[in-house]
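Going by the UniProt record's numbering, the sequence shown opens with residue 1, and the numbers climb by one from there.
Cβ coordinates follow ideal geometry from the N, Cα and C atoms, glycine included.
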Amino acid sequence: MKEEQLTLAQALKFTRHDFLNDLQIILMNIDLGNTERAKKTILATTNKMKQHSLLSSLSLPRTEIWLATFEWIHTSFDKLLTCHVKAPISNVSDDDLVSSLQKLIKQVENVLDPLSEYEAHFDILSVKEEWAIIMSVTGKLPKLEAKSRKEKTFTIEEKFAENLWTFTIRGR
């Protein structure tokens, strides 16, 4: 299965579109006299940009691109990203990590209800000794048996509850 990728021009187009949408929401709220909601939109937008900026600290360019462009390629999901990066991730193949992320999201996409809404929350944790990428998907999902497996340089733990699937990729 070929992995979908965006060209640089496509990624810039999506970025500009999202940013202009946020500006329109801010302007609309200011026009309506709702400065508090406009302020919340500004803070949410700047926080989102900060989280995406922290991805470069991982020193995994393909993983950074995969996470940054996720919602433009996997349009069934709203994305939330949280980064706690204190050190770059080392001792792992960037290609292997992206391949595993892609396989996990395809596993989820195979059971999606096209009429339901889904959110994918990525929580990225990295300190000197260990790292984890936790992908939690919420929405209309069946409950399955949990499992885990060992890849070359990391482990993948899968937990399945009704309407919540969590995948933890962890390494040292």
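Query                                                                                                                                                   : Result
With distances taken Cα to Cα, identify the nearest neighbour of Phe-154 among Glu-64, His-74, Asp-94 and Trp-66.                                       : Asp-94
Name the DSSP beta bridge partners of Phe-122, please?                                                                                                  : Leu-81 and Met-135
Entirely within the UniProt domain "SpoOB alpha-helical" (6-57) and at least 4 residues each: give me those alpha helix (DSSP H) ranges in chain order. : 8-31 and 35-54
Relative to the alpha-carbon of Arg-149, which residue among Leu-115, Lys-159 and Pro-88 has its alpha-carbon at the smallest distance?                 : Lys-159
Select from Pro-88, Glu-157 and Ala-146 the residue whose C-alpha is nearest the C-alpha of Val-127.                                                    : Pro-88
Kindly indicate which three-state DSSP category Ser-148 falls into: helix, strand or coil?                                                              : strand
Would the beta-carbon of Leu-60 fall within 8 Å of that of Leu-101?                                                                                     : no
Distance check for Arg-172 and Ser-90, CA to CA, integer angstroms please.                                                                              : 8 Å
From which residue to which residue does the alpha helix (DSSP H) around Arg-62 run?                                                                    : 61-68
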